[in-house]
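Just below is one structure, and these are the notes that go with it.
Numbering (mature numbering (1 follows the signal peptide of the UniProt record, and there is no 0)), first residue to last: -35 to -1, 1 to 250.
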């Protein structure tokens, strides 16, 4: 008996079939080993490298004291970057044309950018990602991917912004093919860029932080169900993309933390729980 495969004709004899089975099992084991299980976010200036070494991936502020080129260990360090907003303290802020700024985000004291501008994709890849790549970062956490919703209110306007996001992602990967990208949401553009993303994160499936009121609060059931629908759809369509939920609890509220971790894991999602500003060490177990 012979079996046709992409590797040619393989004889179904004991030795050859054993070899084929071994290759298959090795592939499965490698995929299992490569599965992402833990991600941390820490935006403080003094990065606790030893504590973060317990995580496979750690997202940090590029303004921190971390030098990714000199850190040893298995943890992959990702730099935080804001795709849809800018603040005046960013090193590239003066290079942003004022015509690109279309709204303000009063809750965070930032300015929203029109990401559909054709020149923005190259600007982001060269001015935002480029200097961080030079410093040694090989992973990037793309935040504020939904900020366009603050000013793009029609379907046509939002479609342009989504297309702009896709262009930014493609520009980054064209310039830095080995760059790993974690999205903050961005579910709506996965059909176009699912093969370019390392993981997708989102905030608050169960526990949230209200930055305007400065309080922690549970997530409304309706809001959670809407988010879960997006998560389940993405997991079904793109099962190889890890999905992470960042939950917010007071550092002293162990009950909130443990409940959030347990509930998030029950949904098949990777949890990370920390304070509302991600300035202290959090946990995933």
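A virtual CB, placed ideally from N, CA and C, is assigned to each residue, including glycine.
It should be emphasised that the depicted structure is a prediction, and the values quoted were computed from it without experimental measurement.
Residue range of the alpha helix (DSSP H) that includes residue i
| i | result |
| --- | --- |
| residue 87 | 85 to 88 |
| residue 187 | 186 to 202 |
| residue 205 | Taken as a continuous stretch (DSSP letters only), residue 205 belongs to no alpha helix (DSSP H), as it is neither H nor E. |
Cβ pair residue i, residue j closer than 8 Å
| i | j | result |
| --- | --- | --- |
| residue 235 | residue 4 | yes |
| residue 116 | residue 67 | yes |
| residue 101 | residue 34 | yes |
| residue 24 | residue 93 | no |
| residue 98 | residue 58 | no |
| residue 211 | residue 168 | yes |
| residue 184 | residue 194 | no |
| residue 231 | residue 213 | no |
| residue 162 | residue 146 | yes |
| residue 49 | residue 22 | no |
| residue 87 | residue 122 | no |
Integer-rounded CB distance, given that residue j should sit under 8 Å from residue i
| i | j | result |
| --- | --- | --- |
| residue 144 | residue 103 | 6 Å |
| residue 199 | residue 155 | 6 Å |
| residue 52 | residue 75 | 5 Å |
| residue 42 | residue 31 | 7 Å |
Neighbourhood of residue i by C-beta, 6 Å cutoff - its chain only, sequence neighbours within 5 removed
| i | result |
| --- | --- |
| residue 125 | 81 |
| residue 44 | 27, 97, 102, 105 |
| residue 249 | 3, 236, 237 |
| residue 241 | 174, 213 |
C-alpha distance - residue i paired with residue j, whole-angstrom precision
| i | j | result |
| --- | --- | --- |
| residue 29 | residue 164 | 23 Å |
| residue 111 | residue 127 | 9 Å |
| residue 152 | residue 166 | 10 Å |
| residue 272 | residue 131 | As shown, the chain starts at -35 and ends at 250. That puts residue 272 outside it, with no answer to give. |
| residue 84 | residue 218 | 46 Å |
| residue 118 | residue 129 | 16 Å |
| residue 188 | residue 72 | 20 Å |
| residue 40 | residue 243 | 18 Å |
| residue 79 | residue 64 | 9 Å |
| residue 246 | residue 16 | 8 Å |
| residue 149 | residue 229 | 16 Å |
Element boundaries [beta strand (DSSP E), containing residue i]
| i | result |
| --- | --- |
| residue 25 | 22 to 25 |
| residue 107 | 104 to 108 |
Sequence-distant residues of its chain with Cβ nearer than 7 Å to residue i (five each side left out)
| i | result |
| --- | --- |
| residue 207 | 1, 164, 235 |
| residue 233 | 200 |
Cβ shell of residue i (< 8 Å), same chain only, five flanking positions each side left out
| i | result |
| --- | --- |
| residue 181 | 172, 173, 174, 175, 213, 214, 215, 218, 221, 241 |
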